[in-house]
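What follows is a short report on a single structure.
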Amino acid sequence: MSWPLFAEQCLNGLQFGLMLFLLAAGLTLIFGIMDLINLAHGSLYMLGAYLVASLAQATGSFALGLALGVAATAAIGMALEIAVLRGLYRRDHLSQVLATFALIMIANETTRALWGVQPLVLNVPAALSGSVQLFAGIRYPAFRLLIIAVGLAVALALYFLVARTRLGMLVRAGASNREMAMVMGTDIRWLFTAVFGVGAGLCALAGAMLGPLLAVQVGMGENILILAFVTVVIGGIGSIRGAFVGALLIGIVDTFGRAFIPTGLRALLSPAVADVAGPSLASISIYLLMVGVLFWKPQGLFPARG
Amino acid sequence: MKKKLLCLALACFCAASALAAEKIKVGFITTLSGPGGVLGVAIRDGFNLALEHTGGKLGGLPAEVIIEDDQQKPDVAKQLADKLVKRDKVDFGTGIVFQNLLQAAQSSFLGAETFYVSPNTGPSDLAGANCNPYFFAVSWVSDSYSEASGKNMQDKGYKNVFVIAPNYPGGKDVVNGFKRYYKGAYAGEVYTKLGQLDYAVEISQIRAAKADAVFFFLPGGMGVNFLKQWHQAGMGVPLFGTGWSFDQDTLAAVGEPTLGALNAAHWNLDLDNAANKKFVADFEKKYGRLPNEYASQGYDAAMLIDAAVRDVKGKVEDKAALRRALEAANFKSTRGAFRFNKNHFPVQNYYLRQVVKDDKGRFVNKTVATIFTDHPDAYVAACKM
Numbered sequence: 000m001s002w003p004l005f006a007e008q009c010l011n012g013l014q015f016g017l018m019l020f021l022l023a024a025g026l027t028l029i030f031g032i033m034d035l036i037n038l039a040h041g042s043l044y045m046l047g048a049y050l051v052a053s054l055a056q057a058t059g060s061f062a063l064g065l066a067l068g069v070a071a072t073a074a075i076g077m078a079l080e081i082a083v084l085r086g087l088y089r090r091d092h093l094s095q096v097l098a099t100f101a102l103i104m105i106a107n108e109t110t111r112a113l114w115g116v117q118p119l120v121l122n123v124p125a126a127l128s129g130s131v132q133l134f135a136g137i138r139y140p141a142f143r144l145l146i147i148a149v150g151l152a153v154a155l156a157l158y159f160l161v162a163r164t165r166l167g168m169l170v171r172a173g174a175s176n177r178e179m180a181m182v183m184g185t186d187i188r189w190l191f192t193a194v195f196g197v198g199a200g201l202c203a204l205a206g207a208m209l210g211p212l213l214a215v216q217v218g219m220g221e222n223i224l225i226l227a228f229v230t231v232v233i234g235g236i237g238s239i240r241g242a243f244v245g246a247l248l249i250g251i252v253d254t255f256g257r258a259f260i261p262t263g264l265r266a267l268l269s270p271a272v273a274d275v276a277g278p279s280l281a282s283i284s285i286y287l288l289m290v291g292v293l294f295w296k297p298q299g300l301f302p303a304r305g
Numbered sequence: 000m001k002k003k004l005l006c007l008a009l010a011c012f013c014a015a016s017a018l019a020a021e022k023i024k025v026g027f028i029t030t031l032s033g034p035g036g037v038l039g040v041a042i043r044d045g046f047n048l049a050l051e052h053t054g055g056k057l058g059g060l061p062a063e064v065i066i067e068d069d070q071q072k073p074d075v076a077k078q079l080a081d082k083l084v085k086r087d088k089v090d091f092g093t094g095i096v097f098q099n100l101l102q103a104a105q106s107s108f109l110g111a112e113t114f115y116v117s118p119n120t121g122p123s124d125l126a127g128a129n130c131n132p133y134f135f136a137v138s139w140v141s142d143s144y145s146e147a148s149g150k151n152m153q154d155k156g157y158k159n160v161f162v163i164a165p166n167y168p169g170g171k172d173v174v175n176g177f178k179r180y181y182k183g184a185y186a187g188e189v190y191t192k193l194g195q196l197d198y199a200v201e202i203s204q205i206r207a208a209k210a211d212a213v214f215f216f217l218p219g220g221m222g223v224n225f226l227k228q229w230h231q232a233g234m235g236v237p238l239f240g241t242g243w244s245f246d247q248d249t250l251a252a253v254g255e256p257t258l259g260a261l262n263a264a265h266w267n268l269d270l271d272n273a274a275n276k277k278f279v280a281d282f283e284k285k286y287g288r289l290p291n292e293y294a295s296q297g298y299d300a301a302m303l304i305d306a307a308v309r310d311v312k313g314k315v316e317d318k319a320a321l322r323r324a325l326e327a328a329n330f331k332s333t334r335g336a337f338r339f340n341k342n343h344f345p346v347q348n349y350y351l352r353q354v355v356k357d358d359k360g361r362f363v364n365k366t367v368a369t370i371f372t373d374h375p376d377a378y379v380a381a382c383k384m
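Just so you know, the sequences run in chain order F and E.
Take the first sequence: its letter number 8 is residue 7 in numbering that gives the first Met the number 0, and every next letter is one higher.
Take the second sequence: its letter number 170 is residue 169 in numbering that gives the first Met the number 0, and every next letter is one higher.
Here's what the structure looks like:
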């Protein structure tokens, strides 16, 4: 294996991990603080991508569409929390799964009715549509570099928000012991709404950043939701730091699994066996990682609850 | 007395059913919702346009088309097929988009000796050892497009090709079709997870492998994702695919990243025959978009049924005569001359198409060469019919 290929695959893993982080950060907070299993998180991601794509088309500017779309999705998320999800906090997880699964179906059919069955076009801004020369022998798509930059910036901003601000302190308190935080006088209702809004906004940001790479279509949220849940479980429920490390781990393991397991196996086994085993092994590599983490650290890598 | 009357009534009823039917019932099961809904909508629209051209009739008799949505779920398709055959007693079945759905539903039609005209999926077993007197396909066998792609790349003299397809039986079948005609070396062969979203890893591998061309088969949303990412990576390696990845609906949705890509198919917008010109012009007038191959297959399925019913003068109960009429395929296909092989699959041309911008700024396929002329599928020899 050559060094440029290795470096390129590292960038791919980093980029994939950071996108997962945007989704998992919101999910882990909602799961950890509100104890709510929100399957509809993927629907907010889909909705965000659709809104950003439509608004970018209407305004003619990707940046403007991005800003408006993220704000609109955050607002929709907060409205959803107030109208529907608030009533579910006291219910058991089965009710939450059923209700949020229903939300997925409603979101999918509504999106299909509003935007049609065809995938939507969300084009990369012209300035970022090409690829750039990084080092000798490494060309990398400019837009993927932007994704890495945005992912790192959001991670830093979230770290600052959670570790350095009053809101972050309340979030941490809520995540480690919700009852105690309420007893100490925190207005937990508005905290929940705010957290849900931030989570929805991050979903929309992920949708907007991935929209130019992936098809913006109905059902896009379900594909990525499972990976986001795996991230949350690996990182530890309720922990932003855990989500960050977990997402990067998954990004790197998945990328390297796909890139190197099939070729590696071909060197060890007969081609017929390797061709069958390689791709299968590559696609379960992240679940093997999850099993390993849960075996040694059942609470995840960075458990938020003491 | 009462008994006698009943017998008389029954006798009349039986006698009447031996005469020409009063109307032709078609059971149309297709995928109208879910991610695959685009394809079912295209087939249905093509079928409906054909009915408009025949004045709402099939073979001169009023047509009743019962359209059902299978939601891309095999169990739903099976239930609908049972309902259409047993309760609605349809004369023909058609419409199914996906192979796994047809496999679930086919026994309901074929077991009840109801003719099924496939407007899309063409499983290789039905073309070969399991060919069936009641099954007809106006489309292709599932590896025909990749056979044509392989032949084209062999003829063009490519020596080191990179192949990428999803890791499921359908993906392997398509690659096998490609390998039947492309005999050069492989710079790499990658099978990805079905439904994979991001192809950055594979694109990096292709770049490192220094392939002189790439053949990809990634149906549906996977192909859209791959094309967008391929475009952004600025690869400069010629990209070849099957016509399924470059149908007109996909070109309209994906746009710029498809420009210049080469693909193989049995039909195109610009095929020069009277039936196709009428089809393309009227489709655009009726639906406000250009048709794709799925729509052309839906149109041809309806026209085949129309011709067969006309040839038996409406006596669809005479199954042997109806089969002969379907085999004769006395209709004007949008692909030009049409002929069935003995396995009830078409013997037809396959074309090389390239995505270009037309004078209205739309992305369309332009036919650049004929790859196969009167090409039979690879399975017909195994069919004992």
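C-beta atoms are modelled at their ideal positions from N, C-alpha and C, and glycine is treated no differently.
Inset, instruction - Enumerate in chain order the residues of its own chain whose CB-to-CB distance from E/V311 is below 8 Å, with the five nearest sequence positions on each side excluded. - result: G58, D317, A320, L321 and A324
Inset, instruction - Kindly list the residues whose CB is nearer than 6 Å to the CB of E/N159, restricted to its own chain and excluding five residues on each side of it in sequence; keep chain order. - result: A184, A186, A210 and D211
Inset, instruction - Check distances from the C-beta atoms of the region 215–227 of chain E to those of chain F and list, in chain order, the residues that come in under 8 Å. - result: G220, V223, N224 and K227
Inset, instruction - May I ask you to list the residues that DSSP assigns as paired with F/R138? - result: F/Q132
Legend entry - Same chain, Cβ closer than 8 Å to E/N151, five either side skipped, listed in chain order: F239, L261, A263, L351, A368 and I370
Legend entry - Contacting positions in the region 109–138 of chain F - beta carbon closer than 8 Å to chain E: R111, V116, Q117, P118, L119, V120, N122, V123, S128, G129, S130 and R138
Inset, instruction - Kindly say whether F/P3, judged by its beta-carbon, lies nearer than 9 Å to any beta-carbon of chain E. - result: yes
Legend entry - Uninterrupted beta strand (DSSP E) stretches inside the region 168–207 of chain E (no shorter than 3 residues): 184–191
Inset, instruction - Report the residue ranges of all beta strand (DSSP E) runs contained in full by the region 43–123 of chain E; include only those spanning at least 3 residues, in chain order. - result: 60–68, 91–93 and 114–117
Inset, instruction - Might you give, ordered along the chain, the residues of its own chain that have their beta carbon closer than 7 Å to the beta carbon of F/V194, omitting 5 neighbours on each side? - result: L28, I29, I32 and V170
Inset, instruction - Tell me, please, whether the CB atom of E/L289 is closer than 9 Å to any CB atom in chain F? - result: no
Legend entry - As assigned by DSSP and simplified to three states, the class of F/S42: helix
Inset, instruction - Could you check what DSSP says for E/S16 in three-state terms: helix, strand or coil? - result: Low local confidence applies: a pLDDT of 46 at E/S16 is under 50, so the model's placement there is unreliable, with the coordinate-based value given in what follows. DSSP places E/S16 in helix when its eight states are reduced to three.
Inset, instruction - Look at E/A207 and F/P118 and say whether their C-beta atoms are less than 9 Å apart. - result: no
Inset, instruction - Spell out whether any CB of chain E is found under 9 Å from the CB atom of F/S269. - result: no
Inset, instruction - With a 10 Å radius around its C-beta and 16 neighbouring C-beta atoms as the bar for buried, classify E/T191 as buried or exposed. - result: buried
Inset, instruction - Over the uninterrupted alpha helix (DSSP H) stretch that includes F/P211, give me the two end residues. - result: Counting along the chain, F/P211 falls outside any alpha helix (DSSP H), and DSSP gives it neither H nor E.
Inset, instruction - Indicate whether at least one CB of chain E lies closer than 9 Å to the CB of F/Q56. - result: no
Inset, instruction - Locate the alpha helix (DSSP H) running through F/A271, then write down its first and last residues. - result: P270 to W295
Inset, instruction - Keeping to the same chain, check which residues put their C-beta closer than 6 Å to that of E/D90; ignore five residues upstream and five downstream. - result: I23, K24 and V315
Inset, instruction - State the DSSP-derived secondary structure class of E/N348, mapped to helix, strand or coil. - result: strand
Legend entry - the region 158–190 of chain E: positions lying closer than 8 Å to chain F by Cβ: N166, E188, V189 and Y190
Legend entry - Exposure of F/I105, with buried meaning 16 or more beta-carbon neighbours within 10 Å: exposed
Inset, instruction - Check whether the Cβ atoms of E/V96 and E/G26 lie closer than 9 Å to each other. - result: no
Legend entry - Option nearest F/P302 by Cα separation, candidates F/Q8, F/L201, F/P3 and F/N176: F/N176
Inset, instruction - Taking F/V99 as part of the beta strand (DSSP E), name the residues at either end of that continuous run. - result: Correcting the residue type first, residue 99 of chain F is Thr in the shown sequence and not Val. It is not in any beta strand (DSSP E) - F/T99 instead sits in the alpha helix (DSSP H) that spans H92 to W114.
Legend entry - CB of E/K386 within 9 Å of CB of E/L100, strictly: As shown, chain E starts at 0 and ends at 384. That puts residue 386 of chain E outside it, with no answer to give.
Legend entry - Beta-carbon spacing of F/L224, F/G59 below 9 Å: no
Legend entry - Backbone secondary structure at E/N262 - three-state DSSP: strand
Legend entry - Beta-carbon proximity check, E/G233 vs F/G129, cutoff 9 Å: yes
Inset, instruction - Could you pull out every residue in the same chain whose Cβ sits closer than 7 Å to the Cβ of E/W243, ignoring the five residues on either side in sequence? - result: Y144 and P218
Legend entry - For E/K284, the three-state DSSP class (helix, strand or coil): helix
Inset, instruction - Specify whether the region 38–45 of chain E and the region 293–309 of chain E touch according to this definition: at least 3 beta carbon pairs, one from each stretch, less than 8 Å apart. - result: yes
Legend entry - Unbroken beta strand (DSSP E) run spanning E/G26, endpoints: I23 to T29
Legend entry - Residue-chain proximity (E/V37, chain F), Cβ-Cβ < 9 Å: yes
Inset, instruction - Using 10 angstroms around the beta-carbon of E/S203, count the other beta-carbons present and answer buried if the total reaches 16, otherwise exposed. - result: buried
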